[in-house]
Amino acid sequence: MPNSSIKNEKMYEDLRDQGNSKEKAARISNAVAARGKSAVARKGGKSGSYEDWNVADLKKRAKELGMTGYSKLTKDKLVDKLRNH
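By my numbering, the letter at position 69 of the sequence shown is numbered 658, and the numbering carries on one by one without gaps.
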């Protein structure tokens, strides 16, 4: 069933199949629908890898995202949980 908040369903599904979170897939597919693929691709990201973050910052990010059940996780499991959120 199509989701009216997703502007480019095919791209959304492709991104989800690649393992991206629902939020990230929706954000990218809607940006492509609004600005065009080449404009979005040029923007790029400058964020470092979660492996470079310390545990306190990872937990802070998990809290910002509204995640639960992260307080007792090891760094590796926390990174995995953030990536699959």
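Yeah, the Cβ is synthetic: ideal placement off N, Cα and C, and Gly gets one too.
Checklist entry - Whole-angstrom Cβ separation of Ala620 and Leu604, contact assumed at under 8 Å? => result Actually they do not touch by this definition, with Cβ atoms about 11 Å apart.
Checklist entry - Can you give the Cα-Cα distance for Ser638 and Asn597, rounded to whole angstroms? => result 27 Å
Next on the checklist: As a quick exercise: from Asp665, Leu654, Glu653, pick the residue whose alpha carbon is nearest that of Ala643.
Outcome noted: Checking the sequence, you will find Asn at residue 643 rather than Ala. Of the listed residues, the one whose Cα sits closest to Asn643 is Asp665.
Checklist entry - DSSP on Tyr659, reduced to helix/strand/coil? => result Three-state DSSP puts Tyr659 in coil, outside helix and strand.
Checklist entry - Measuring CB to CB, does His674 end up less than 8 Å from Leu647? => result no
Item to check | Limits of the alpha helix (DSSP H) - the one that Ile595 falls within | outcome: Where Ile595 is concerned, there is no enclosing alpha helix (DSSP H), given that its DSSP letter is neither H nor E.
Checklist entry - Do you know offhand how far Leu662's Cα is from Asn609's? => result Those two C-alpha atoms are separated by around 21 Å.
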